[in-house]
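Here the sequence shown is numbered in this note's numbering, starting from 1 and rising by one per residue.
Here is the structure we will look at, set down as structure tokens.
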Amino acid sequence: MPPTIVLIRHAQALHNETQDYSIPDPGLTDHGIKQCGQLRYNLFQRFSSYEGRIAVIASPMVRTLQTASLAADWLVERGVKIEADADWQELSAKPCDTGSPLSLLPLIKDNQTKHQFSSPCYDFSAIPSVWPDKTEDPVAKSLFGYTRTAVLRRGRRCLEKLSKRPEDLIFVFSHSAFLRSGVSGWWYYNADYRIFTLDEGLELKIDESTLEGGMGWSWNKRAELGSEVPEDVTEEEIHEDKN
């Protein structure tokens, strides 16, 4: 049986509310916290009776970790860990889309959600040493660069890893631009989700009950993978621009 994949966008974060993209790794707003409660209720009603193996994966950014903590706490109570995976982070290198060093996560104030990111329910063991760099280290640029080739390669890598997992149901907490441009081609509203099956060819087939999102908050609209990401720039083109 192909795994069922639930792709979830984080709830409203401070940069979504203010449109200030200079905020480093922003957390959720009060409204985002409320959205998490609605999301949790919806996911619990839909999946709480599921008896197969379950995994929870999250981008290691504050807003996605918070959303996973609040919306999937019923799974954490069953012993499911929240596995942080840097491949699911957002696209750009703006401050709002760049994560915090893992050493600082336990120090980040998270008074609203009452979670400590250093608790045993989080697994950061798969985070590469270049995290959270996206622009300086050659390995970081190859893994997480903001170019069409890097983004599509990262999206493919995400699906390959999901296909090799032993679980039957996988929840992924990620970001709108990466989910749309790098993975699924669908639009996602804050704290909304879509359900897919992942076939052997790494093709995602959407559950039609989530064409407007599982919460009913998202556009029934698609985008071509990679179409919103900058084209790759060669060293020759960089040189020409400087001249």
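Heads up, the beta-carbon is just placed ideally off N, CA and C, and yes, glycines get one too.
Fair warning: this is a prediction, and the values are worked out from it, not measured in the lab.
Which stretch, first to last residue, makes up the beta strand (DSSP E) that contains residue i?
| i | result |
| --- | --- |
| Val172 | 169-174 |
| Lys205 | 204-206 |
| Val139 | First-last for Val139: 138-144, but that is the alpha helix (DSSP H), not the beta strand (DSSP E). |
| Glu83 | 82-84 |
Where do the N-terminal and C-terminal ends of the alpha helix (DSSP H) with residue i fall, by residue?
| i | result |
| --- | --- |
| Glu17 | 14-18 |
| Thr197 | Unbroken run through Thr197 is the beta strand (DSSP E), 193-198; no alpha helix (DSSP H). |
| Leu76 | For clarity, residue 76 is Val in the given sequence; the question names Leu instead. Counting along the chain, the alpha helix (DSSP H) containing Val76 begins and ends at 73-76. |
Could you round the C-beta distance between residue i and residue j to whole angstroms and report it? I think they count as a contact, below 8 Å.
| i | j | result |
| --- | --- | --- |
| Cys36 | Leu70 | 4 Å |
| Trp131 | Leu102 | 7 Å |
| Ala93 | Tyr41 | Not quite, the Cβ-Cβ distance comes to about 35 Å (not below 8 Å), so this is no contact. |
| Ala68 | Phe173 | 4 Å |
| Ala150 | Gly185 | The pair is not a contact, with the Cβ atoms about 17 Å apart (cut-off 8 Å). |
| Arg148 | Asp232 | 6 Å |
| Gly155 | Gly182 | 3 Å |
Could you give the DSSP three-state label for residue i: helix, strand or coil?
| i | result |
| --- | --- |
| Arg9 | strand |
| Tyr149 | Checking the sequence, you will find Thr at residue 149 rather than Tyr. If DSSP states are grouped into helix, strand and coil, Thr149 belongs with the helices. |
| Arg40 | helix |
| Ala126 | coil |
| Thr4 | strand |
| Ile54 | strand |
| Leu102 | coil |
| Ala223 | coil |
| Trp88 | helix |
| Leu159 | helix |
| Leu211 | coil |
Using the beta-carbon count (16 or more within 10 Å), is residue i buried or exposed?
| i | result |
| --- | --- |
| Arg180 | buried |
| Tyr188 | buried |
| Asp85 | buried |
| Thr28 | Looking at the sequence provided, one finds Leu at residue 28 rather than Thr. Answer is buried; the Cβ neighbour count reaches 16. |
| Ser125 | exposed |
| Arg194 | buried |
| Arg53 | exposed |
| Thr210 | buried |
| Lys205 | exposed |
| Met1 | exposed |
| Gly99 | buried |
| Thr18 | exposed |
| His30 | Just to set this straight, residue 30 is Asp in the shown sequence, not His. Per the 10 Å Cβ criterion, exposed. |
| Glu63 | With the sequence shown as reference, residue 63 is identified as Arg, and Glu is not the correct amino acid for it. Buried, because 16 or more other Cβ atoms sit within 10 Å of the Cβ of Arg63. |
| Asp87 | buried |
Would you say residue i touches the ligand SAH, meaning its beta carbon is less than 6 Å from a heavy atom?
| i | result |
| --- | --- |
| Ala93 | Ligands are entirely absent from the displayed structure, and the ligand SAH is therefore not among its contents. |
Measure from the C-beta of residue i to each C-beta in chain D and report whether the shortest distance is under 7 Å.
| i | result |
| --- | --- |
| Val172 | Considering every chain present, this structure includes no chain D. It has just one protein chain. |
Per the contact definition of three or more C-beta pairs closer than 8 Å, is the region 2-12 in contact with the region 168-178?
-> The region 168-178 vs the region 2-12: in contact.
Quiz item: Does the region 214-224 touch the region 191-205, meaning 3 or more C-beta pairs lie closer than 8 Å?
Solution: Taking a cut-off of 8 Å on C-beta distances, the region 191-205 touches the region 214-224, as three or more cross pairs fall below it.
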